[in-house]
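**Student:**
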Amino acid sequence: MVPINIGNYEMPNYASVFDVDVVGTKAYISNGDEGLWIYDVTSADDPQVEINFNLSSAIRGLKVIDSLAYISAEDSPKLHIMNVSIPFNATVLGTFDTAGSAYNVDVVGNYAYIAGASPGLQIVDISDPTMPVSVGSYEIATAVKDVKVVGNYAYVAAYGNGLYILNISQPSAPTLVSNFDTERAVGVAVDGIFVYIADSYDGLRILSAFNPANPVEIVHNTDIETVNDVFIYGQYLLVGAAEEGVWVYDISNPAAPEFIETFETPGHVLAVKAAEGRIYVSDMYSMTILEFAASSIDENRQNMPRSYLAGYGYPNPFNASTTISYEIGKRSNVSVTVYDILGQKVETLFSGNVETGRHSIDWKPKDLGTGIYFCKIQADDSQSIQKLTLLK
Numbered sequence: 005m006v007p008i009n010i011g012n013y014e015m016p017n018y019a020s021v022f023d024v025d026v027v028g029t030k031a032y033i034s035n036g037d038e039g040l041w042i043y044d045v046t047s048a049d050d051p052q053v054e055i056n057f058n059l060s061s062a063i064r065g066l067k068v069i070d071s072l073a074y075i076s077a078e079d080s081p082k083l084h085i086m087n088v089s090i091p092f093n094a095t096v097l098g099t100f101d102t103a104g105s106a107y108n109v110d111v112v113g114n115y116a117y118i119a120g121a122s123p124g125l126q127i128v129d130i131s132d133p134t135m136p137v138s139v140g141s142y143e144i145a146t147a148v149k150d151v152k153v154v155g156n157y158a159y160v161a162a163y164g165n166g167l168y169i170l171n172i173s174q175p176s177a178p179t180l181v182s183n184f185d186t187e188r189a190v191g192v193a194v195d196g197i198f199v200y201i202a203d204s205y206d207g208l209r210i211l212s213a214f215n216p217a218n219p220v221e222i223v224h225n226t227d228i229e230t231v232n233d234v235f236i237y238g239q240y241l242l243v244g245a246a247e248e249g250v251w252v253y254d255i256s257n258p259a260a261p262e263f264i265e266t267f268e269t270p271g272h273v274l275a276v277k278a279a280e281g282r283i284y285v286s287d288m289y290s291m292t293i294l295e296f297a298a299s300s301i302d303e304n305r306q307n308m309p310r311s312y313l314a315g316y317g318y319p320n321p322f323n324a325s326t327t328i329s330y331e332i333g334k335r336s337n338v339s340v341t342v343y344d345i346l347g348q349k350v351e352t353l354f355s356g357n358v359e360t361g362r363h364s365i366d367w368k369p370k371d372l373g374t375g376i377y378f379c380k381i382q383a384d385d386s387q388s389i390q391k392l393t394l395l396k
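Residue numbering for the sequence shown follows my numbering, beginning at 5 and increasing consecutively.
1. Terminal residues of the continuous beta strand (DSSP E) containing R362?
2. Taking just the CA atoms, how far does K30 sit from D49?
3. Would you say I236 and A193 are within 8 Å of each other, going by their C-beta atoms?
4. Counting Cβ pairs closer than 8 Å, one from the region 204 to 220 and one from the region 268 to 275, do we hit at least three?
5. For M86, report the span of its beta strand (DSSP E) as first-last.
6. Might you give, ordered along the chain, the residues of its own chain that have their beta carbon closer than 7 Å to the beta carbon of D23, omitting 5 neighbours on each side?
7. Exposed or buried, what is Q382 when buried is set at 16 or more other beta-carbons lying within 10 Å of its beta-carbon?
8. Distance check for Y32 and E54, CA to CA, integer angstroms please.
9. Considering Cα atoms alone, identify which of S212, T230, I228 and S336 is closest to G347.
10. Hey, is the region 181 to 199 in contact with the region 155 to 162, meaning 3+ C-beta pairs nearer than 8 Å?
11. Cα separation between V223 and P178?
12. Which residues in the same chain as L59 place their Cβ atom closer than 8 Å to its Cβ, once the five residues preceding and following it in sequence are excluded?
13. Report the rounded CA-to-CA distance for A62 versus I172, giving the unit in angstroms.
14. Just to confirm my understanding: we take N183, look at its own chain, exclude 5 residues before and 5 after, and list those with CB closer than 8 Å. What are they?
15. Can you tell me the Cα-Cα spacing of K396 and G356, whole angstroms?
16. Quick check on N357: does DSSP put it in helix, strand or coil?
17. Straight-line CA distance for D150 to Y115?
18. What does F214 pair with, by DSSP beta-bridge criteria?
19. Quick one: grab the DSSP three-state call for I301.
20. Can you tell which of I42, D366, N320 and S386 has its C-alpha closest to the C-alpha of G375?
21. Output the boundary residues of the beta strand (DSSP E) element that contains R64.
22. So who's on the other strand from R209, going by DSSP bridges?
23. Whose C-alpha, out of H363, G238 and D37, is nearest the C-alpha of M15?
24. Let's see if you can read the secondary structure: which residues bound the beta strand (DSSP E) around I381?
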């Protein structure tokens, strides 16, 4: 997919656009001292302002779930919970304060996870949005710039101290699972066992956290000098790259991201989000909206008859053997290849011409150890990648 520019919209008074979130036809923009802006983006080339709500502090990150917006701020109060169900009548339901500035927030279930200066991670019970209550925290020496919560783990980007993985199964007592050091971690995204780190000094880092206690780096991409944000959109990774705009990668195989395209924006990309085929960019003093358009690669994939419907391994995880099955819609040249977590080829299981229909291959790895492997099924110009877990 290739992003094309729909428009760039400057904010009043050149106030910084720190973050953006999109729900349905509404774009919610964190505009620092200028507060919260809500736009109707039904027509992305002509977004309409619905309200500007000026809060009492400079706001930074935000997360919108259903009709509630959770907004972090540099000054007191550090967390605002707003009812935005009717944008022109948006109201603050409750607030919460932390000792230091709050830079970002994630919300899962009844808890808000605040990334900030002090403490590093603050966990707040928001079951009653009118009265948020602190339930736990984890102190980190440097400022925490971002947090993503998946299952029982919080993935915390700490500026100067790298990635912290915390066990939050007991919100009142989060515990350290591991720490992976990077120069200046400022953003994080998580997809299954894979963790994507935006480092404003040292590029894009991709970790395998199959074992959260011992995350393993599988990619260190320094093609981009400054990475401010990462966002996963389906099979694509969107990278907010400061003055270098937005970079798009296909991460079907996280160990070997495929560069798709880059798009230069007018400003300095601080954050990037995507929804309904559009990319929304916090571009320093403006919001830039891009739209996905099919590249020549995508056109080839979309216009050709589907060579396969699915590829999968069963059982998975497996011990002694697994059966890799796939189905193709037309006669195709097929290759079935296994790669390790570093993207190195382990074994070619099959290569040849195959008739339409269902096919299967038994894989019995003999000399491989416990770990994550990827099975790539290539059928002419189409492909399917399946993650396989070997347990011995």
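Where is the CB? At the ideal position from N, CA and C, for every residue including glycine.
Here the structure is a predicted model, which means the values were calculated and not measured.
**Tutor:** From the atom records:
1. G361 to W367
2. 14 Å
3. yes
4. no
5. L83 to N87
6. S34, R64, G65, L66, A275 and S286
7. buried
8. 10 Å
9. S212
10. yes
11. 28 Å
12. G39, L40, I75, A77, H84 and V96
13. 29 Å
14. N165, G166, L167, Y168 and I169
15. 31 Å
16. strand
17. 16 Å
18. In the DSSP output, where bridge partners are listed per residue, F214 has none listed.
19. Its pLDDT being 37, under 50, I301 is placed unreliably by the model, and nothing is read from it.
20. N320
21. I63 to I69
22. I201 and H224
23. D37
24. G375 to A383
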